[in-house]
Amino acid sequence: MCYNYRREGIVMRKTNILAILISQLSYLLLLPFIIDLFHYLHSIVYVVVWLCLTLLVFFFVYLFRKQRIVMSKRFVFAGLIAYTICLLMLLFMRPSNQSYHSYNLVPFETIFYYLSGEVKPLVAIYNLAANIGLFIPYGTALLLLPKKRPSTAVLLAIPIAGVTIIELMQWLTERGSLDIDDLLLNVLGVAIGYALTPIVRRVVTFF
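Note that full-length UniProt numbering has the sequence shown beginning at 1, numbered continuously upward.
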């Protein structure tokens, strides 16, 4: 029995070391592109990208090695709050030389604009991917953290209401444009989080 525990401990340490090496090397390789984005965003983007990339690599390394992570729901909830604070800083604390007054209520207009090639590819990819990817954790959290699974109506209402409030606040404070495409992409991110929940359950055990 003791041998098995020691063996499991060694395997887990190897998995953690592998995940750390891959995630930090990947971050260093992406750093030149992140620095380029710094001109458009708050410096907290470094923290957000590092955190998301590290967690993502850890998840996939554990998934491929068929190992499990045991976590407290309270710990995950605290992490989600910290992540939300970083995300709000990213959304509202833009460089001081930028202000926004525009709005778009035509679905897919901004998305097609980014895909048209009229903006820098890096900026286009970041805006589309980030609007989706940064909200994926909320979809997974909405299904995993509550003791009882929320109804479909609640799972639809919470992301739509939450993103709408953020969009309105960004526009009113001139820290971001009011864009229905942001709403569509953010809600899509939450929906992807819902869809990925069964895969997350294969790796993470909550108590």
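For every residue, glycine included, the Cβ atom is placed at its ideal position computed from N, Cα and C.
Every value quoted in this text rests on a predicted model; they were computed, and no experiment measured them.
I44 in three-state terms, based on DSSP: To locate residue 44, count along the sequence shown from 1; it is residue 44. Reduced to three states, the DSSP call for I44 is coil.
Nearest candidate by alpha-carbon position, reference T140, set V76, V48, N127, I160: Counting from 1 along the sequence shown, the entry for residue 140 is found at position 140. It is V76 whose Cα lies nearest to the Cα of T140.
Three-state class that DSSP yields for L178 in the structure shown: The residue you call residue 178 lines up with position 178 of the sequence shown. Here L178 sits in strand by DSSP.
Start-to-end residues for the beta strand (DSSP E) that takes in M93: Walking along the sequence shown from the start, residue 93 turns up at place 93. Element bounds for M93: n/a, residue is neither H nor E.
Boundaries of the beta strand (DSSP E) in which V204 is found, first to last residue: Locating residue 204 in the sequence shown gives position 204, where the first residue counts as 1. Residues 204–206.
Enclosing beta strand (DSSP E) for V70 [first to last residue]: Position 70 of the sequence shown, counted from the first residue, corresponds to residue 70. Start and end: 69–71.
Rounded straight-line distance, which links the Cα of L63 to that of I199: As a first step, residue 199 must be located in the sequence shown, where it is residue number 199. As a first step, residue 63 must be located in the sequence shown, where it is residue number 63. Approximately 9 Å between the Cα atoms of the pair.
T84 versus E174, F135, L56, residue with shortest Cα-Cα distance: Position 84 of the sequence shown, counted from the start, is the residue given in the question as residue 84. The shortest Cα separation from T84 among E174, F135, L56 belongs to F135.
Distance, V57 Cα to V11 Cα: Indexing the sequence shown from 1 puts residue 11 at position 11. Indexing the sequence shown from 1 puts residue 57 at position 57. Approximately 17 Å between the Cα atoms of the pair.
Inter-residue spacing [alpha-carbon to alpha-carbon] between L21 and L172: On the sequence shown, residue 21 is found 21 positions in, with the first residue counted as 1. On the sequence shown, residue 172 is found 172 positions in, with the first residue counted as 1. Looking at the two C-alpha atoms, the distance is approximately 43 Å.
CA-to-CA distance, A161 to C52, given in whole angstroms: Looking up residue 52 in the sequence shown gives position 52. Looking up residue 161 in the sequence shown gives position 161. Roughly 24 Å between the two C-alpha positions.
Member of L105, K14, E167 whose CA lies at the smallest distance from the CA of L131: On the sequence shown, position 131 is the one that residue 131 refers to. According to the sequence shown, residue 131 is Asn rather than Leu. For the residues L105, K14, E167, the minimum Cα distance to N131 belongs to E167.
L18 versus A195: straight-line alpha-carbon distance, rounded: One-based indexing of the sequence shown puts residue 18 at position 18. One-based indexing of the sequence shown puts residue 195 at position 195. Rounded to whole angstroms, L18 to A195 spans 27 Å at the Cα level.
Beta-carbon spacing of N186, V163 below 8 Å: Stepping through the sequence shown from its first residue, residue 186 is reached at position 186. Stepping through the sequence shown from its first residue, residue 163 is reached at position 163. Their beta carbons are under 8 Å apart, which means N186 touches V163 by this criterion.
Residue interval of the alpha helix (DSSP H) (run including V119): Reading the sequence shown from its first residue, position 119 is the one you call residue 119. Here V119 belongs to no alpha helix (DSSP H), and DSSP marks it neither H nor E.
Cα-Cα separation between P150 and L142, rounded to whole angstroms: In the sequence shown, the residue the question calls residue 150 occupies position 150. In the sequence shown, the residue the question calls residue 142 occupies position 142. Cα-Cα distance, rounded: 8 Å.
Terminal residues of the alpha helix (DSSP H) in which V106 lies: Residue 106 sits at position 106 when you count from the first residue of the sequence shown. No alpha helix (DSSP H) contains V106, which DSSP labels as neither H nor E.
Integer Cβ distance of I34 from N104, believed to fall under 8 Å: As a first step, residue 34 must be located in the sequence shown, where it is residue number 34. As a first step, residue 104 must be located in the sequence shown, where it is residue number 104. Incorrect: roughly 27 Å between the Cβ atoms, too far for contact.
Pick from T110, Q67, F60 that is closest to S177, judged by C-alpha positions: Position 177 of the sequence shown, counted from the first residue, corresponds to residue 177. When each option's Cα is compared against that of S177, the closest is T110.
Nearest to R74 (by Cα), restricted to the options L88, P146, T152, R201: Within the sequence shown, the letter at position 74 stands for residue 74. Checked all of L88, P146, T152, R201; the closest Cα to R74 is P146.
Enclosing alpha helix (DSSP H) for P137 [first to last residue]: One-based indexing of the sequence shown puts residue 137 at position 137. From DSSP, the alpha helix (DSSP H) with P137 extends over 136–144.
Nearest candidate by alpha-carbon position, reference Q24, set W50, A124, G193, V190: Position 24 of the sequence shown, counted from the first residue, corresponds to residue 24. Residue W50 is the option with its Cα nearest to Q24.
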